[in-house]
Each structure stands twice: as structure tokens, then as C-alpha cells.
Amino acid sequence: MSESTVSMGQGAASAREGTASLEAMLFSPRPNGPAVAALLAGAAGVFVLGLNTFLAAAAEGVADWFRFQDRVGPLSGKTTMAGVAWLVVWALLAAVLWRRNVRVEWVWAIVIVLLVVGNLLMFPPIYERVEPG
Amino acid sequence: MEVSAREGWTIVHGLMVGTVFLVAFAGGVAGLWSLRMELVTIEGIRERMRRLYAGVWGMAIIAWVTVITGTYVIYPWYRSSPPEGADLEQYPRSFLLADPDKDLWHKFGMEWKEHIGWAAPILATAVAFVVSYYGPRLARDNKLRWLTMVAFVAAFAAAAVAGVFGAFINKAAPIR
């Protein structure tokens, strides 16, 4: 066997080792809980935004409470409180799911329901039906 | 040619930021779509993760900039109440509501846009976190990768509704 053949064989082996270590690094095990927590919390934030919109349309007292800034009106409170709810839910879910693996099928179902209902609640033809007067 | 400060803000909010948003979305969704073991090598995954991080975080940051400038800078000009006898063209909301042929731009378009737009940064941030935390592992977890893509596309769809209505409303009743 010539020297160059030996050297090529060593090069290929070293490349394989490099790929294997890169693969081990890229795919080191990690629980999916924190990722799931982020997606669930995002969908919950959208749901709360829709709920706030719907409640503010249904009751003037709620709309007034959401008037955090006069220049912006109730939109300031509706969005701020949706943001707060999103972050609180995220923190709680992350704490609970941090080291866990979760079945993603369930997460799919919950995320889709929250997104659809949240969007329906903030769709004007729907919340206008409960507006007083 | 003259651009007022208010028109300048609407250009930044809608046109400039919107363009970057589209680029970031395209990069993010292409990266998520092709992040599959059967399509790329190990080295390829590492290489495209950088673009994916840039796409998803870029979209999240841009979405936050857009909703915050839209809600706290431009929207107050849109909704301000006109004094008695004022020229309504300077008060877009009142201008639209005063015309039965145009009031739906506010009652439907603006009312939907001002709320749904906020879904975009929330969902885009969630996606950016998932991609950063789970990283290349998404290539081996198709269910989670698809759910991440759904959230990312939902963020884009929310921004698209807000953007399209914003453009039409600004055409019907420009902020000057």
C-alpha cells in the first residue's frame, strides 16, 4: 500500500470522526418541554388578545379599564394585558415543562384551538354582535 | 416633493419595516421548510441554522417595532377627535366614519387590523425561541418542526392582514 493511499484513508477516517462529533454536538438530547411551553404561551397570548377585544366590546366598563393611555384608548390596555398574560403563561409553563418531553400531538390541538378561537374573538363581525346599543 | 413627519412615520412603519419583514419571513420559512435530515447533510444543517436564526429573530424584532410604532406613534394621529368645524381630512378616523361609503374601512378594516397585528410579534417571538432552544434537533422532530412552521405562518398571516388593511386605509384616509 502506497503512502498516499494510507494518507487518504486516514483523511477519510478523520472526516467521519469530525462529522460524527458534529452530529453528536448538534443533536445532543434536549427535552422538548421549553419549546412546547413557548408555542403554547404564544397561542395563549393570541387567545387573551381576542378575549380582551371581545370583553371590551361587550362592556363599556371593561373598555374604560383598558384605557391605559388616553391617546391610544382601550387598545393600549388590551394589548398590554395580552402581553402580560403571554409572558406569565410562558414563565409558568416553562417552569413546569423545563425538563420534560411532551407529546406534540396534544400541543398541536391546543395551539390550533387557541389560535382559532382567539382570532374569532377579535374578528369585528363577531364581537360587534355583543356591543351595547 | 415634501414628506411630513407623520407621513415619514407611516413610511417607516408600513413600507420600510414591512419590506424587511417580508425578507425575514422568506428566509425563516424556507429555512424551517428545508430543515430535514433527508434534504441536508450534517454540515449543511449547521450552515443553514445561522440563516434560520437571523430569519426568525429578524421577523420577531421587526414585528415588535411595527406594532409599537403603529400603536403608540401612528394610531393616536389616526384616532384623534376633530374640534368643532375642523377639516375632517386631517382626522382619518372621523373622516371615514362620516362617509357611509367609507365607514367600513374603519369599522371592519381598522378594527380588525389594530388587534390582529399584535398576534404577529407574540407568535414570531415564540418561534424564534423554539428555533434557538431546539436548534438543529428540529430536523429530527417533524411534528414540532411543523407546529413551529404553523405558528410562523400564522404570525405572517396576522401581519399580512394588518399590512394590507393599513395600506388601503392610508389610501382612503391618509395620515398627513
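First to last, the sequence lines map onto chains D and W.
Everything in the first sequence is counted per my numbering, starting at 1 for the first residue and increasing by one.
Everything in the second sequence is counted per my numbering, starting at 1001 for the first residue and increasing by one.
All residues carry an ideal CB built from backbone N, CA and C; glycine is no exception.
Since this is a predicted model, take the numbers as computed values, not measurements.
1. If contacts are defined as beta-carbon pairs under 8 Å, then phenylalanine 54(D) and leucine 121(D) qualify, I think. What distance do you get, rounded to the angstrom?
2. Under 8 Å by Cβ, that's how I've got arginine 129(D) and glycine 33(D) pegged, so tell me the actual separation to the nearest angstrom.
3. Would you list, in chain order, the members of the stretch 1051-1080 of chain W that have their beta-carbon closer than 7 Å to a beta-carbon of chain D?
4. Taking alanine 1147(W) and leucine 39(D) to be in contact with their CB atoms under 8 Å, please state how far apart those CB atoms are, rounded to whole angstroms.
5. Enumerate in chain order the residues of its own chain whose CB-to-CB distance from tryptophan 1105(W) is below 6 Å, with the five nearest sequence positions on each side excluded.
6. Let me know if leucine 1039(W) comes out buried or exposed under the rule of 16 or more other beta-carbons within 10 Å of its beta-carbon.
7. In chain order, which continuous runs of the beta strand (DSSP E) of length 3 or greater are located wholly inside the stretch 1126-1175 of chain W?
8. Below 7 Å between beta carbons is the criterion; list the residues of the stretch 1095-1108 of chain W that meet it against any residue of chain D, in chain order.
9. Using a threshold of 8 Å, state whether the C-beta atoms of alanine 35(D) and tryptophan 90(D) are closer than that.
10. Would you tell me roughly how many angstroms separate the C-alpha atoms of glycine 1135(W) and isoleucine 1175(W), rounded to the nearest one?
11. So which residues of chain D does phenylalanine 1129(W) contact, with C-beta pairs closer than 7 Å?
12. Taking DSSP as the reference, what is the three-state secondary structure of glycine 1028(W)?
13. Glycine 73(D) by DSSP, collapsed to three states: which one?
14. Which stretch, first to last residue, makes up the alpha helix (DSSP H) that contains phenylalanine 68(D)?
Taking the definition as stated:
1. 4 Å
2. So it is not a contact: roughly 39 Å between Cβ atoms.
3. Thr1071, Tyr1072, Tyr1075, Pro1076, Arg1079
4. For the sequence presented, residue 1147(W) should be read as leucine rather than alanine. Leucine 1147(W) to leucine 39(D), Cβ: 6 Å. Contact.
5. Leu1096, Ile1169, Ala1172
6. exposed
7. none
8. Lys1107, Phe1108
9. no
10. 43 Å
11. Ala38
12. helix
13. strand
14. Where phenylalanine 68(D) is concerned, there is no enclosing alpha helix (DSSP H), given that its DSSP letter is neither H nor E.
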